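Q: Have a look at this one.
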Ligand SMILES: [Zn+2]
């Protein structure tokens, strides 16, 4: 039976409802958990996130959210579980790491490919560790990531094997492939749009995964539409992988969210016309709670926290309908594709 491995246990994939494939319930860059300014008022924060989920996901038919927060970026298994219990929404956690220049703590940089694989597999099968404690909450997918050379984003230099991938990232990606094959789960990735200047970062990630034997139909290249490079996406799709459209309503690395939305919608229509409807997924990449935003829910400072979840149906879907996208096509992108790619065969 196909299941989603949620933090509260396996649930039948059929019961997923609409699926958000890349979100963050609680998010803070590595080190944020040491800052006096980010001390978590736990119950208040869970309540605030649960309210957003209840008001923005449930009425819009969303039943499942993949929380793509890596372990060193504030991944908090108990927090996810408490939001899931409060809201009834399926929350799927991930194992894996952020890009080498932004994450992958030194401890883990020193580990072998085999040790990294074992870490990922144990997160997926036994439960994640948080602040030195074993939790019963299992991850259900893997995240890999490349890019962002510095605090001021720059394109990645040439690294391992002549690719624009750093040495540790290369090892993490190979480890992720082995863990995914062992457990039978999917992989969703983070690429950095700066790298479009020097390479197709999605293709490079896929080449490494394929070298280790990964089935690329179980891989989603994230941030592929920001801003859309249609030729690069075709290259990714021809390799058999999937692309994620995200950052709707969020101006990441662009001047205007409105212009990005319009360009992404046009690119989506083009890829559907090419016959790639079944290989596209859709999400926000929203930060439901970032302790460095603001104290009140009404006035967030950070762009990834500002966008309202209802934006999907008040702005984005009408934009697509205006370009001729049908309800059936929307169901493929919001339900059937992510269900196929990210669910796990429970018999395995
Ligand atoms: Zn993200």
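In the numbering used here, the protein residues as written are 1059 to 1406. Note that beta-carbon positions come from the ideal geometry of N, C-alpha and C, so glycine has one too. From a predicted model like this one, the values you see are computed outputs, not experimental measurements.
#1: Apply the 10 Å Cβ neighbour rule to residue 1305 and answer buried if 16 or more other Cβ atoms are within range, or exposed otherwise.
#2: Quick check on residue 1062: buried or exposed, where buried means 16 or more other Cβ atoms within 10 Å of its Cβ?
#3: What does the alpha-carbon distance come out to for the pair residue 1078 and residue 1322?
#4: Mind reading off the beta-carbon distance from residue 1130 to residue 1157? Whole number of angstroms is fine, and I expect it under 8 Å.
#5: Which residues bound the alpha helix (DSSP H) around residue 1347?
#6: Here's the rule I'm using: 16 or more other beta-carbon atoms within 10 Å means buried, otherwise exposed. How should residue 1332 be labelled?
#7: List the endpoints of the continuous beta strand (DSSP E) containing residue 1102.
#8: Pairs of beta-carbons, one from the segment 1380 to 1400 and one from the segment 1098 to 1114, closer than 8 Å: are there three or more?
#9: Based on the DSSP secondary-structure assignment, which residues constitute the bridge partners of residue 1307?
#10: Tell me whether residue 1342 sits in a helix, a strand or coil according to DSSP, three-state version.
#11: On the criterion of 16 or more Cβ atoms from any shown chain inside 10 Å, does residue 1191 qualify as buried, or is it exposed?
#12: If residue 1246 and residue 1201 are in contact, beta carbons under 8 Å, what's the gap, nearest whole angstrom?
#13: Leaving out five residues before and five after residue 1401 in sequence, what residues of the same chain have Cβ atoms less than 7 Å from its Cβ?
#14: Tell me which same chain residues have a C-beta within less than 7 Å of the C-beta of residue 1255, skipping the five on either side of it?
#15: May I ask you to list the residues that DSSP assigns as paired with residue 1403?
#16: Nearest to residue 1336 by alpha carbon, out of 1397, 1289 and 1375?
#17: Go through the residues and name those whose CB comes closer than 6 Å to any heavy atom of ligand 1, in chain order.
#18: In three-state DSSP terms, what is residue 1425?
#19: Please go through the segment 1146 to 1197 and give each complete alpha helix (DSSP H) segment of 4 or more residues, from N-terminal end onward.
#20: Within this structure, are the beta carbons of residue 1106 and residue 1347 separated by less than 9 Å?
#21: If you draw a straight line from the alpha carbon of residue 1309 to that of residue 1283, how long is it in whole angstroms?
#22: Using DSSP's beta-bridge definition, name the partner residues of residue 1246.
#23: Could you tell me which residues DSSP puts in a beta bridge with residue 1372?
#24: Expressed to the nearest angstrom, what Euclidean distance is found between the alpha-carbon atoms of residue 1224 and residue 1100?
#25: Between which two residues does the beta strand (DSSP E) carrying residue 1266 extend?
#26: By DSSP, does residue 1067 sit in helix, in strand, or in coil?
#27: Count the other CB atoms within 10 Å of the CB of residue 1403; is the residue buried (16 or more) or exposed (fewer)?
#28: Can you round the beta-carbon distance between residue 1151 and residue 1217 to whole angstroms, since I take them to be within the 8 Å contact cut?
A: On the basis of the coordinates in this document:
#1: Residue 1305 sits at position 247 when you count from the first residue of the chain shown. Around the beta carbon of residue 1305, 16 or more other beta carbons lie within 10 angstroms, which makes this residue buried.
#2: By 1-based counting over the chain shown, the position of residue 1062 is 4. By the C-beta density criterion, residue 1062 is buried, having at least 16 other C-beta atoms within 10 angstroms.
#3: As a working mapping, residue 1078 is identified with position 20 in the chain shown. As a working mapping, residue 1322 is identified with position 264 in the chain shown. Each residue's Cα considered, the two are about 17 Å apart.
#4: Along the chain shown, one-based indexing puts residue 1130 at 72. Along the chain shown, one-based indexing puts residue 1157 at 99. Incorrect: roughly 11 Å between the Cβ atoms, too far for contact.
#5: Counting from 1 along the chain shown, the entry for residue 1347 is found at position 289. Where residue 1347 is concerned, there is no enclosing alpha helix (DSSP H), although the beta strand (DSSP E) it sits in stretches over 1345 to 1347.
#6: If you number the chain shown from 1, residue 1332 lands on position 274. The residue is exposed, with fewer than 16 neighbouring Cβ atoms inside 10 Å.
#7: Stepping through the chain shown from its first residue, residue 1102 is reached at position 44. Per DSSP, residue 1102 belongs to no beta strand (DSSP E); it is in the alpha helix (DSSP H), 1100 to 1114.
#8: Segments in contact, no.
#9: As a position in the chain shown, residue 1307 is number 249, starting the count at 1. As computed with DSSP, residue 1307 is found in no beta bridge at all.
#10: Translated into the one-based positions of the chain shown, residue 1342 becomes position 284. Coil at residue 1342, not helix or strand.
#11: Here residue 1191 corresponds to residue number 133 of the chain shown, with the count starting at 1. Answer is exposed; the Cβ neighbour count stays below 16.
#12: By one-based count along the chain shown, residue 1246 stands at place 188. By one-based count along the chain shown, residue 1201 stands at place 143. Right, the Cβ-Cβ distance comes to about 6 Å (below 8 Å), so this counts as a contact.
#13: Along the chain shown, one-based indexing puts residue 1401 at 343. Correct list, in chain order: 1060, 1061, 1062 and 1071.
#14: Working through the chain shown from its first residue, we reach residue 1255 at position 197. So the list reads 1213, once near-sequence residues are dropped.
#15: The residue labelled residue 1403 in the question sits at position 345 within the chain shown. Under DSSP, residue 1403 forms a beta bridge with 1060.
#16: By one-based count along the chain shown, residue 1336 stands at place 278. Of 1397, 1289 and 1375, the residue nearest in Cα terms is 1397.
#17: Chain-ordered, the residues whose CB falls short of 6 Å from any heavy atom of ligand 1 come out as 1080, 1082, 1126 and 1343.
#18: Any property of residue 1425 remains undetermined from this structure, which presents the chain solely from 1059 to 1406.
#19: Those alpha helix (DSSP H) runs which fall completely within the segment 1146 to 1197 and span 4+ residues are 1164 to 1167 and 1171 to 1183.
#20: The residue you call residue 1106 lines up with position 48 of the chain shown. The residue you call residue 1347 lines up with position 289 of the chain shown. With respect to the 9 Å criterion, residue 1106 and residue 1347 are classified as neighbours on the basis of their beta carbons.
#21: By one-based count along the chain shown, residue 1309 stands at place 251. By one-based count along the chain shown, residue 1283 stands at place 225. For residue 1309 and residue 1283, the distance between alpha carbons rounds to 12 Å.
#22: Numbered from its first residue, the chain shown carries residue 1246 at position 188. Looking at the DSSP assignment, residue 1246 forms a beta bridge with 1201 and 1278.
#23: Residue mapping note: residue 1372 aligns to position 314 of the chain shown, counting from 1. In DSSP, residue 1372 forms no bridge with anything.
#24: Working through the chain shown from its first residue, we reach residue 1224 at position 166. Working through the chain shown from its first residue, we reach residue 1100 at position 42. In a straight line, the C-alpha of residue 1224 is about 36 Å away from that of residue 1100.
#25: Numbered from its first residue, the chain shown carries residue 1266 at position 208. Membership of residue 1266 in any beta strand (DSSP E) is not indicated; the residue belongs instead to the alpha helix (DSSP H) covering 1259 to 1269.
#26: Within the chain shown, numbered from 1, the residue matching residue 1067 stands at position 9. Correct three-state label for residue 1067: strand.
#27: Residue mapping note: residue 1403 aligns to position 345 of the chain shown, counting from 1. The residue is exposed, with fewer than 16 neighbouring Cβ atoms inside 10 Å.
#28: To locate residue 1151, count along the chain shown from 1; it is residue 93. To locate residue 1217, count along the chain shown from 1; it is residue 159. In fact, because the Cβ distance is near 28 Å, the residues do not count as touching under 8 Å.
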